[in-house]
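A.B. asks: To convert, count from 1 in the sequence shown and add 736; that's the working numbering. Here a beta-carbon is modelled for each residue, glycine too, at the ideal position from N, C-alpha and C. All of these numbers come straight from a predicted model, not from anything done at the bench.
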Amino acid sequence: MFAFVTWTTATSVIPVRLIDASFQEGVRLDATWPAVWAGGVVTSLLFFACIVAHEAAHTVAAVRTGIPVRSIRLFIFGGLAEMGREPDRPGQEFLITVVGPLTSAALGGLFLTLGDQLEAVSIPAVTARWLGEMNLALAVFNMLPGFPLDGGRILRSIVWAATGDVVKATRVASFVGSALGVALIAFGLIQFLILGGAIHSLWIAVIGWFLWSAARSGYRDAILRQQLHRYRIRDLLQPESGAVPSDGTVQEFIERGLYHDRFGLRPVVDAAGKLVGMLEGDDVRDVPLERRVETQLREIARPVDDMAVVAPDDQLSVVIDKAYETERRLYFVVEDGYVLGIVDTVDVVNTLRARKR
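1. Take residue 793 as the anchor and find which of 848, 914, 835 and 805 has the nearest alpha-carbon.
2. Can you list, in chain order, the residues of its chain whose CB lies under 6 angstroms from that of residue 807, leaving out five sequence neighbours each side?
3. List, from N- to C-terminal side, the beta strand (DSSP E) runs of 3 residues or more that fit wholly inside the segment 980–1066.
4. Taking just the CA atoms, how far does residue 890 sit from residue 908?
5. Who are the near neighbours of residue 1055 in its chain, counting only those whose CB is closer than 8 angstroms to its CB and skipping five residues on each side?
6. Where does residue 930 fall in DSSP's three states?
7. Suppose contacts are defined by Cβ-Cβ distances below 8 angstroms. Is residue 1038 in contact with residue 1014 by that definition?
8. For a test of the three-state rule: what should DSSP assign to residue 856, helix, strand or coil?
9. Thinking C-beta only, is residue 1011 closer than 8 angstroms to residue 1044?
10. Can you give, in chain order, each stretch of the alpha helix (DSSP H) that sits fully within the segment 814–883 and has at least 4 residues?
11. Please report how far the alpha carbon of residue 695 lies from the alpha carbon of residue 748, in whole angstroms.
12. Using the Cβ count rule (16 or more neighbours within 10 Å means buried), how would you classify residue 929?
13. Alpha carbon to alpha carbon, how far is residue 990 from residue 1005? Give it in angstroms, no decimals.
14. Give me the DSSP bridge partner(s) of residue 1070.
15. Considering only the alpha carbon of each residue, which of 871, 1030 and 850 lies closest to residue 780?
16. What does residue 974 pair with, by DSSP beta-bridge criteria?
17. Give the single residue among 954, 771, 783 and 971 whose Cα lies nearest to the Cα of residue 1069.
18. Grab the span of the alpha helix (DSSP H) containing residue 775 for me, first residue to last.
19. If you compare alpha carbons, which of 937, 1086 and 1049 is closest to residue 1071?
20. Please tell me whether residue 954 and residue 924 are closer than 8 angstroms, where the distance is taken between their beta carbons.
21. Buried or exposed: where does residue 965 fall if 16 or more other Cβ atoms within 10 Å of its Cβ makes it buried?
22. Name the residue from 750, 775 and 828 whose alpha carbon lies nearest to the alpha carbon of residue 798.
23. Which whole-angstrom value describes the C-beta separation of residue 772 and residue 746, a residue pair presumed to lie in contact below a C-beta threshold of 8 angstroms?
24. Nearest-angstrom Cα distance between residue 777 and residue 742?
25. I'd like to check one pair, residue 838 with residue 801: are the Cβ atoms closer than 8 angstroms?
26. Using 8 angstroms as the cut-off, can you tell me whether the segment 894–908 makes contact with the segment 780–790, which would need three or more C-beta pairs spanning the two stretches below that distance?
27. Classify residue 808 as helix, strand or coil using the three-state DSSP reduction.
28. Can you check DSSP and say which residues form a bridge with residue 968?
29. Go ahead and label residue 759 buried or exposed: buried means 16 or more other beta carbons lie within 10 angstroms of its beta carbon, across all protein chains shown.
30. Leaving out five residues on either side along the sequence, give the residues of the same chain with a beta carbon under 7 angstroms from the beta carbon of residue 902.
31. Say whether the segment 938–956 touches the segment 875–888, bearing in mind that this needs 3 or more beta-carbon pairs closer than 8 angstroms, one atom from each stretch.
32. With a cut-off of 8 angstroms on the beta carbons, I'd call residue 977 and residue 1075 a contact; round off their distance for me.
33. So, for residue 753: in the same chain, excluding its five sequence neighbours on each side, which residues have a beta-carbon less than 7 angstroms away from its beta-carbon?
34. Determine the DSSP secondary structure at residue 885, reduced to helix, strand or coil.
35. Apart from the five residues just before and just after residue 1061, which ones in its own chain have a Cβ nearer than 8 angstroms to its Cβ?
36. Could you check the C-alpha separation between residue 910 and residue 951 for me, to the nearest Å?
Written out as structure tokens, the structure is:
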């Protein structure tokens, strides 16, 4: 992708714009191919830096409102900040979403202003103006009212606020996104095949396909979440939790072979059965051989990790949201401090598959 943008700017954008600027200004063009290619590399780096800035704005807003962000992915039409979970409120989603296009628009204005201040017939000037136009184009594209684009998420937040139903809001935004995608596909193909449009007409069709595909994916996610809301964690509760007594020794733990079974993380409970900590196999193996007989599990137990614990009356979506963030498979079901059992994400997936059939 970086190579594609570099090649495009060095072989098309910069040369064409330099020639156009030289004619308009009546100034002799003086640029070498090494300089043009260097400009292409720098422009490509700045272009992707702008996309990162767009997604970083989403990330900062998400983290400030209490939503963790797992990663940022880049692609030719923009980027994607992968949040650990979906927003809880429409206002929260609106705030997280709107800062992205605003950042791109601000960068667009900044680069256009910079381009006007530089010598017109120069590589820095033409690349600055191109970056300004591209940032404004990204802001406009992302504001198209089709889910999961920023504009679609803003539309969803508005419908969500009006109806109080996030699933219905997602369906509306996804439908608009699908319709917009189909319209762009049709427009691009008609321009290219019937009206003899240039290759950019195919790009319009590709963008339409991307939007249509993403909207359908968003709709499927809405249906998934609707199904998740119908179940409580107690519906899939397994009574076996793998809990170990806090007064047990490390040697007993090892002799029972508990450090290499499916419970990567185990709850540690006191004599009354209340959760007092958690334990991983590495915690046990790190204890020196000569101390394993006398060391009790409470001494090496970790504090309770809230991300590994769910309540029996939580919706299954809580497990999925935590799984996205932690990538764990098993979660402990705890009520009033007592470990009732576990819930397995595999069981959650199988339940959803069974409902589809």
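C.D. replies: Checking against the coordinates, here is how it stands:
1. Ranking the options by Cα distance to residue 793, first place goes to 835.
2. 818
3. 1001–1005 and 1011–1016
4. 12 angstroms
5. 969, 1046, 1067, 1079, 1081 and 1084
6. coil
7. Yes; because the gap between Cβ atoms is below 8 angstroms, this pair is in contact.
8. Coil at residue 856, not helix or strand.
9. No. Outside cutoff.
10. Runs found: 826–853 and 859–878.
11. Past the edges of the chain, shown from 737 to 1093, lies residue 695, and the structure says nothing about it.
12. exposed
13. 17 angstroms
14. 1075
15. Check the Cα spacing between residue 780 and each of 871, 1030 and 850: the tightest is with 871.
16. 1078
17. 971
18. 769–800
19. When each option's Cα is compared against that of residue 1071, the closest is 1049.
20. no
21. exposed
22. The shortest Cα separation from residue 798 among 750, 775 and 828 belongs to 828.
23. 6 angstroms
24. Approximately 5 angstroms between the Cα atoms of the pair.
25. no
26. no
27. Here DSSP, grouped into helix, strand and coil, assigns residue 808 to strand.
28. 1051
29. exposed
30. Excluding residues within five positions, the ones whose Cβ falls inside 7 angstroms are 896.
31. Yes, the segment 938–956 touches the segment 875–888.
32. Going by Cβ atoms, the distance from residue 977 to residue 1075 rounds to 5 angstroms, so yes, they are a contact pair.
33. 862 and 866
34. coil
35. These residues qualify, in order along the chain: 804, 806, 820, 821 and 1043.
36. 5 angstroms
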